[in-house]
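Just so we're on the same page, my numbering is the position in the sequence shown counted from 1, plus 163.
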Amino acid sequence: MSYQHSYDRSIAAPADFWAEHAHDLAWFRKPTEILRDNPDGTHQWFADGRLNSCFLALDHQIDEGRGEQTALIYDSPVTNSQQTFTFRQMRDEVARLAGLLRDLGVQQGDGVVIYMPMVPQAAMAMLACARIGAVHSVVFGGFAPHELALRIDDARPTLLLTASCGVEFDRVIEYKPLVDSALEQSSHQPRKVLVLQRPQARATLKDGRDLDWHAALANARPVPPVELGAADPLYIMYTSGTTGKPKGIVRENGGNAVALRFAMKNIYGMQPGEVWWGISDVGWVVGHSLIVYGPLMNGCTTVFYEGKPIRTPDAGAYWRVVEQYRVNGLFCAPTAMRAIRKEDPEGLLLRGYDLSSLREFFLAGERLDSSTHQWLESISGKTVHDHWWQTETGWPVTAPCLGLDGSGGRAGSSNRAVPGYHVRVLDEDGQLLGANQQGAIVITLPLPPGCSQTLWGDHSRYLDSYLNTFPGYYHTGDGGYLDEDGFVYIMGRTDDVINVSGHRLSTGEMEDLVARHPAVAECAVVGVRDEIKGQVPLALLVLKDGVGVGEAQLQSELVATVREQIGALACFNQVRVVKRLPKTRSGKILRAVLRKIADQQAYTPPSTLDDPAVLVEIEEVLAGLARAG
Ligand code: AMP
164 MSYQHSYDRS
174 IAAPADFWAE
184 HAHDLAWFRK
194 PTEILRDNPD
204 GTHQWFADGR
214 LNSCFLALDH
224 QIDEGRGEQT
234 ALIYDSPVTN
244 SQQTFTFRQM
254 RDEVARLAGL
264 LRDLGVQQGD
274 GVVIYMPMVP
284 QAAMAMLACA
294 RIGAVHSVVF
304 GGFAPHELAL
314 RIDDARPTLL
324 LTASCGVEFD
334 RVIEYKPLVD
344 SALEQSSHQP
354 RKVLVLQRPQ
364 ARATLKDGRD
374 LDWHAALANA
384 RPVPPVELGA
394 ADPLYIMYTS
404 GTTGKPKGIV
414 RENGGNAVAL
424 RFAMKNIYGM
434 QPGEVWWGIS
444 DVGWVVGHSL
454 IVYGPLMNGC
464 TTVFYEGKPI
474 RTPDAGAYWR
484 VVEQYRVNGL
494 FCAPTAMRAI
504 RKEDPEGLLL
514 RGYDLSSLRE
524 FFLAGERLDS
534 STHQWLESIS
544 GKTVHDHWWQ
554 TETGWPVTAP
564 CLGLDGSGGR
574 AGSSNRAVPG
584 YHVRVLDEDG
594 QLLGANQQGA
604 IVITLPLPPG
614 CSQTLWGDHS
624 RYLDSYLNTF
634 PGYYHTGDGG
644 YLDEDGFVYI
654 MGRTDDVINV
664 SGHRLSTGEM
674 EDLVARHPAV
684 AECAVVGVRD
694 EIKGQVPLAL
704 LVLKDGVGVG
714 EAQLQSELVA
724 TVREQIGALA
734 CFNQVRVVKR
744 LPKTRSGKIL
754 RAVLRKIADQ
764 QAYTPPSTLD
774 DPAVLVEIEE
784 VLAGLARAG
């Protein structure tokens, strides 16, 4: 079927379009009500459908004759180990783990927090929750205890699953002390903590609360998948908003299953039996959609990689994995390719491997700069596709639709809208803009299946964050434009969110931490360009009069604070003292102007600016950074 035909139909008749795509999913009960309009502007897909996501990912694949096919390949250069699991083995392990969760008191609808490194048990834990209708919330292992505590207090889990340690190429990171510290900081306490002991560092278990994973599992009995409603939540994925409180994006079982099946087939062009590699971590949305649920629900073998693009052991790591497992399709973030390019600019390591199984590359998570795009195409001889999505959507908004004759990208664009997404551009007053005019990127409601329709425990924040700014549209928070043929160009966030190595972080949260320092009168944190990471945060500070602390000392104290409270993933290293920050006459810091200067974009000083001279100093500071970089 042609892309254009599908797309037009999905916009003209969304319910009919998605009813057709939902039809042959292995529902326990097929939905008869496809799309319901809620009075608050949200939508409910497949309201009366009944299904189970773990059943679709594992049991159903066995029913379809894939029991002996490899479901998951665990490849861990950091521990020098590899392991494969067939769909049957995965199902059996997951069914027993689900039985254990139930024995430990986890019931349908309960929260379960998973704070684990990239070990197969993390995927099994997610699927085990899905099997019994518990709502998992995976927290990225790089987050510091404070961040974990925030998520524990919001998700209020019955159980927390963790491992004794994560393993990096040069060190072992003990997880258990981080979990213990988080639980000291959180007011909510899970009933039990299940700890997977890894040989690289064994954790001390706290009597009465902590349980050894393997010992507990030895006595567990397998349980079958429960029947869930399409609207029942499958998981919560926390993402950074503009404040310090993370947003708990809720994904529903029904929409997610339909959307991911559609995406794997029609966007990524993957067939059952093929090998897919989503290079990310289970702690991010990609880990949910493109490492666990998407590939498995589509009968693909998923590669589960505990390593890095470089230094595990070298910048040929990705090429080794592609050759070894005959990977057919691959997703990664541009930052990984920039890291490889830095170490191996000529692609010499790549030449030593057979990449003939790989059809193309899909990159997303942050802006794909044209230089990295061209470099990857030239060293690999394969097409590189840019595509754009968000934690909230759970699957691509714009992408080439390889399963629908939709190839053929355009330089600088992350491709055209995927069927289901009516992407438009609005000006500040909510008026539609024409081709090549830059503004706020929005999606006309209804959002297609799979996109989040609420935030965990805070529906009004969902409405405020996404639907209330421009009534009738979902507000993506990204700025950009569409060209005359509908190709979408993403220019960056229009809010206080930055993207460091494909990870979304709140500058507002960093500002809160920086502002607490006794020497700081006021501050602004903005994202500045970085050659490898895309963006990194920069703090601009105005000091209180007469403080006796030097800039270097202040910098090291603030860097330590952010590292301790948010984590090393924030890459918060740059602090500059300035005399003043640009403000409106009413005293509000003009962050939008700072963002534009940092991005080296043209800007017009707003008429509300109290003193234009202040911008000269800021420009000098930021230009100095670019020269130093
Ligand atoms: P996350 O929810 O962490 O996946 O971050 C989503 C944000 O990453 C989007 O709102 C964009 O700002 C950015 N992003 C994702 N993919 C792309 C892309 N292909 N090009 C530009 N920015 C992207």
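Backbone N, C-alpha and C fix where the C-beta goes; we use that ideal spot for every residue, glycine too.
Being a predicted model, the structure only gives us computed values, none of them experimental.
Based on DSSP bridge pairs, tell me the residues matched to residue i.
i       : result
Asn-662 : Arg-667
Leu-595 : Leu-589
Lys-355 : Leu-322
Thr-464 : Val-438
Ala-364 : Arg-361
Phe-180 : DSSP lists no partner for Phe-180.
His-299 : Val-275, Tyr-398
For the ligand AMP, is there a heavy atom less than 7 angstroms away from the beta-carbon of residue i?
i       : result
Trp-552 : yes
Glu-529 : yes
Val-455 : no
Ile-653 : yes
Asn-419 : no
Thr-657 : no
Val-448 : yes
Gly-613 : no
Thr-402 : yes
Thr-546 : no
Asp-532 : no
Gly-640 : yes
Ser-577 : yes
Arg-192 : no
Asp-549 : yes
Arg-414 : no
Arg-573 : no
Asn-662 : yes
Arg-667 : yes
Starting from residue i, trace the beta strand (DSSP E) in both directions and tell me its first and last residue.
i       : result
Gly-635 : Note, Gly-635: premise wrong, no beta strand (DSSP E); not H, not E.
Glu-337 : 335-337
Val-330 : 328-330
Asp-524 : Reading off the sequence shown, one finds Phe at residue 524, where the question assumed Asp. Here the beta strand (DSSP E) through Phe-524 covers 523-526.
Leu-459 : No beta strand (DSSP E) contains Leu-459, which is instead part of the alpha helix (DSSP H) from 457-460.
Ala-208 : Here the sequence assigns Trp to residue 208, which means Ala is not the residue at that position. Unbroken beta strand (DSSP E) run through Trp-208: 206-208.
Asp-648 : Segment: none, Asp-648 is in no beta strand (DSSP E) and carries neither H nor E.
Arg-199 : 198-200
Thr-607 : 602-607
His-548 : 546-549
Asp-773 : No beta strand (DSSP E) contains Asp-773, which DSSP labels as neither H nor E.
Can you tell me where the alpha helix (DSSP H) holding residue i begins and where it ends?
i       : result
Lys-759 : 754-761
Ile-542 : 533-543
Lys-505 : 497-506
Phe-248 : Phe-248 -> not in any alpha helix (DSSP H); beta strand (DSSP E) instead, spanning 244-249.
Met-289 : 283-295
Val-484 : 480-488
Ile-174 : 166-175
Ser-577 : Taken as a continuous stretch (DSSP letters only), Ser-577 belongs to no alpha helix (DSSP H), as it is neither H nor E.
Ser-623 : 622-625
For this session: Taking only runs that begin and end inside the region 667-749, name each unbroken beta strand (DSSP E) of 3 or more residues, in chain order.
Result: As for any beta strand (DSSP E) of minimum length 3 sitting wholly inside the region 667-749, the runs are 683-693, 697-706, 737-740, ordered along the chain.
Exercise. Does the region 554-564 come close enough to the region 418-430 that 3 or more CB-CB pairs lie under 8 angstroms?
Worked result: Result yes; three or more Cβ-Cβ pairs closer than 8 angstroms.
For this session: Could you tell me whether the region 663-676 touches the region 632-642, where touching means 3 or more Cβ pairs closer than 8 angstroms?
Result: These segments do not touch.
Exercise. Within the chosen definition, does the region 494-501 reach the region 390-406 through at least 3 CB pairs nearer than 8 angstroms?
Worked result: As far as the Cβ criterion goes, the region 494-501 does not touch the region 390-406, which means the pair count is below three.
Exercise. Okay, do the region 231-238 and the region 339-350 touch, 3+ Cβ pairs below 8 angstroms being the bar?
Worked result: These segments do not touch.
Exercise. Hey, is the region 264-279 in contact with the region 502-512, meaning 3+ C-beta pairs nearer than 8 angstroms?
Worked result: No: fewer than three Cβ pairs fall under 8 angstroms.
Problem set entry | Length at least 3, wholly inside the region 381-449: the beta strand (DSSP E) runs in chain order | List check, beta strand (DSSP E) in window: 396-402, 410-415, 438-441.
Problem set entry | Segment contact flag, the region 391-398 with the region 356-367, C-beta cutoff 8 angstroms, min 3 pairs | Flag = no, the region 391-398 and the region 356-367 do not touch.
Problem set entry | Three-pair Cβ contact test at 8 angstroms for the region 599-609 versus the region 301-313 | Taking 8 angstroms as the limit for Cβ pairs, the verdict is that the region 301-313 does not touch the region 599-609.
For this session: May I have a chain-ordered list of the alpha helix (DSSP H) segments no shorter than 4 residues that lie completely inside the region 215-282?
Result: Correct list: 250-266.
Problem set entry | At least 3 beta-carbon pairs within less than 8 angstroms: the region 452-463 vs the region 219-228 | Between the region 452-463 and the region 219-228, the count of C-beta pairs closer than 8 angstroms reaches three or more; the two stretches touch.
Problem set entry | the region 510-521 contacting the region 575-595, beta-carbon criterion three pairs below 8 angstroms | They do not touch, by the three-pair rule.
Exercise. Below 8 angstroms, can you find three or more Cβ-Cβ pairs linking the region 697-708 to the region 668-675?
Worked result: Counting Cβ pairs under 8 angstroms, three or more are found: they touch.
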